[in-house]
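Residue numbers (the working numbering): -18 to 215.
Beta carbons: idealized from backbone N, C-alpha and C, even for Gly.
Here is the structure we will look at.
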Ligand SMILES: Nc1ncnc2c1ncn2[C@@H]1O[C@H](COP(=O)(O)OP(=O)(O)OP(=O)(O)O)[C@@H](O)[C@H]1O
Ligand SMILES: [Mg+2]
């Protein structure tokens, strides 16, 4: 039997706030299959970013267990976690965090340069990833000479260029108008269908959330519901 892409049980993360502890997420259990497309939904402060950061190995839980592709992540040291992040995960941040002095191609190639791959291979894969997100012809542009939607697609190209198993995206459509946001979701759908990449993103925009086949809703740091379109609640 193949292990699921991701399996989390009883994940809890609290933050210090003066004398108190504030709950980020409490007792979260979540499993993702390979190639799944799911969204974390819920109001501001409900724990979406906290949970994404835990699942993306950007943060550690206070307690709980997380397995990625069958590997128990809690037993790994920082280097092991960084290796898994580099090789299996891709990230799209809300502020897309592109390097302003690099071209689109170089911003995407960067994700491979840090793995120590040869420059020529990094660049040709970067060009292919840009073509996959519909940006062929803009390889030489710098981020400040692109629209918000184009920059967001460069960020998606950077997230997929390393052929990750899972891309995590925190509010990837937040700074986009609804038409551009819908096109970005079309792109996620296409990459999911063509390359089998799983996507987990967070959003509180109902127009976006309703489109995604699986919706995990957070309320006050807890997973309140987990529904699949067509299949009913899980
Ligand atoms: N670094 C931090 N220090 C203290 N409390 C934090 C920190 N980060 C998050 N929190 C708290 O944890 C809870 C969950 O926050 P989180 O950022 O995960 O919510 P969110 O669902 O992503 O919200 P938003 O939709 O506004 O991005 C909130 O009560 C928040 O105030
Ligand atoms: Mg957030």
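query: Where residue 60 falls, given that 16 or more other Cβ within 10 Å makes a residue buried; result: exposed
query: Proximity winner among 111, 101, 11, relative to residue 198 (alpha-carbon distances); result: 11
query: Inside the region 68 to 135 only - alpha helix (DSSP H) runs reaching at least 4 residues; result: 85 to 94, 100 to 113
query: Contacting residues, own chain, Cβ-Cβ under 7 Å from residue 140 (five flanking each side not counted); result: 71, 72, 73, 148
query: As assigned by DSSP and simplified to three states, the class of residue 205; result: strand
query: Residue range of the alpha helix (DSSP H) that includes residue 200; result: Where residue 200 is concerned, there is no enclosing alpha helix (DSSP H), although the beta strand (DSSP E) it sits in stretches over 195 to 200.
query: Residues that residue -7 bridges to, as DSSP identifies them; result: 44
query: In DSSP terms, what residue 182 is bridged to; result: 20, 150
query: DSSP bridge partner residues for residue 58 (one or two, in chain order); result: Bridge partners of residue 58: none, in fact.
query: Exercise answer, beta-carbon shell around ligand 1 heavy atoms below 6 Å; result: -4, -2, 3, 5, 23, 25, 26, 27, 28, 29, 30, 31, 185
query: Rounded C-alpha distance that separates residue 85 from residue 166; result: 21 Å
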